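Heads up, the thing below is written out as structure tokens.
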Amino acid sequence: MIQPKHFLWRVEDRVGVITLNRPERKNPLTFDSYAELRDLFMALKKDDAIKAVVFRGEGGNFSSGGDVHEIIGPLTRMQMPQLLEFTRMTGDLVKAMRHCPQPVIAAVEGVCAGAGALIALASDLRYAAQSAKVAFLFVRVGLAGCDMGACAMLPRVIGQGRAAELLYTGRAMGAEEGLAWGFFNRVADPVLPIAMETARELAAGPTAAHAMTKKMLHQEWNVGLDEAIEMEAQAQAILMQTKDFRRAYEAFAAKRRPAFEGD
């Protein structure tokens, strides 16, 4: 695994924990942190020791998005090739998050805006503290809401009309509204222990099966029902050959809880 310089990374009980660590500025992202996050998630595709990931921010906020002075200012002075290189890099972070096999859990507190909101959206599960405020505020800086896959992902999570409102207005969505709309899976204070508990449960589960579930959730966006059923038939047949599947059967027969090992 890489050793990032622009955020914190630790491993606890087979759970990788990413902590954005610039609390004095509400954990903004920079060119370097975008690149390191992309590289970390790409590396996770080959890391069998990490079974789940928790993404959080230090100091009571998740992330305020791209740093105004370190990203937005320089972007106003770039030409099209440089701008496209940047926008593709930010999209590559989302791709890496969606393609890594580990479930990613966002533990959202306080400000979760711009690219921070997209990181939460790209996660598999989203838990919120009561303080959470999510804003896709690209319109506030003269940009479209179609950033880092927002127009593809957000309508699928909360519905087309609700997504359109948030992307057109840039307004903040609170924790309870996000829960009611299906953006958040759960609201709890404090939120990090709940996220870690869920991550540990997933890490202790059949991780090959979790990886397949994540893959199918991603790939089946673009197919019809008949094709999806065939894809899932093949996926389950593959998993029926795993040792975890046999362990589960043997544990059931012995009336005990299965101990999954991810193979």
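For the sequence shown, our numbering assigns the number 38 to the initial residue and increments by one for each residue that follows. No residue lacks a Cβ here, since even glycine has one placed at the ideal position from N, Cα and C. Since the structure is predicted, the reported quantities are computational estimates derived from the model, not experimental observations.
Contacting residues, own chain, Cβ-Cβ under 7 Å from residue i (five flanking each side not counted)
{"i": "Thr67", "result": "His43, Asp104, Glu107, Ile108"}
{"i": "Met59", "result": "As written in the sequence, residue 59 is Arg, which differs from the Met given in the question. Closer than 7 Å at the Cβ level, and outside the excluded window around Arg59, lie Pro65."}
{"i": "Arg135", "result": "Ala159, His255"}
Nearest-angstrom Cβ-Cβ length linking residue i and residue j, presumed shorter than 8 Å
{"i": "Phe78", "j": "Arg163", "result": "No, Phe78 and Arg163 are not in contact; Cβ-Cβ is about 17 Å, not under 8 Å."}
{"i": "Ala133", "j": "Arg75", "result": "5 Å"}
{"i": "Met268", "j": "Met253", "result": "7 Å"}
{"i": "Ala270", "j": "Glu257", "result": "The Cβ separation is near 13 Å, so there is no contact."}
{"i": "Phe123", "j": "Leu112", "result": "7 Å"}
Contacts around residue i, its chain only, beta-carbon distance under 6 Å, and the 5 residues preceding and following it disregarded
{"i": "Lys280", "result": "Asp300"}
{"i": "Asp161", "result": "Pro140, Val141"}
{"i": "Val54", "result": "Arg47, Val91"}
{"i": "Leu216", "result": "Val224"}
Coil, strand or helix - residue i by DSSP
{"i": "Val260", "result": "coil"}
{"i": "Leu180", "result": "coil"}
{"i": "Ser101", "result": "coil"}
{"i": "Glu49", "result": "strand"}
{"i": "Lys83", "result": "coil"}
{"i": "Gly94", "result": "strand"}
{"i": "Lys170", "result": "strand"}
{"i": "Ala296", "result": "coil"}
{"i": "Cys149", "result": "strand"}
{"i": "Arg208", "result": "coil"}
{"i": "Arg223", "result": "strand"}
Contact check, residue i vs residue j, beta carbons under 9 Å
{"i": "Ala296", "j": "Ala288", "result": "yes"}
{"i": "Leu174", "j": "Gly151", "result": "yes"}
{"i": "Ser70", "j": "Leu57", "result": "yes"}
{"i": "Ala172", "j": "Met210", "result": "yes"}
{"i": "Pro41", "j": "Glu61", "result": "no"}
{"i": "Leu191", "j": "Ala200", "result": "yes"}
Contacting residues, own chain, Cβ-Cβ under 8 Å from residue i (five flanking each side not counted)
{"i": "Val52", "result": "Ile87, Lys88, Ala89, Val90, Val91, Met233, Ala236, Arg237, Ala240"}
{"i": "Ala245", "result": "Leu276, Thr279, Asp281, Gly299, Asp300"}
{"i": "Arg284", "result": "Pro295, Ala296, Phe297, Glu298"}
{"i": "Ser101", "result": "Arg62, Lys63, Asn64, Pro65, Val148, Ala150, Gly151, Gly153"}
{"i": "Tyr205", "result": "Val176, Gly182"}
**Asked** Does the segment 76 to 94 come close enough to the segment 143 to 152 to have 3 or more Cβ pairs within less than 8 Å?
**Response** yes
**Request:** Count the CB pairs spanning the segment 153 to 160 and the segment 187 to 197 that are closer than 8 Å, and state whether there are at least three.
**Result:** yes
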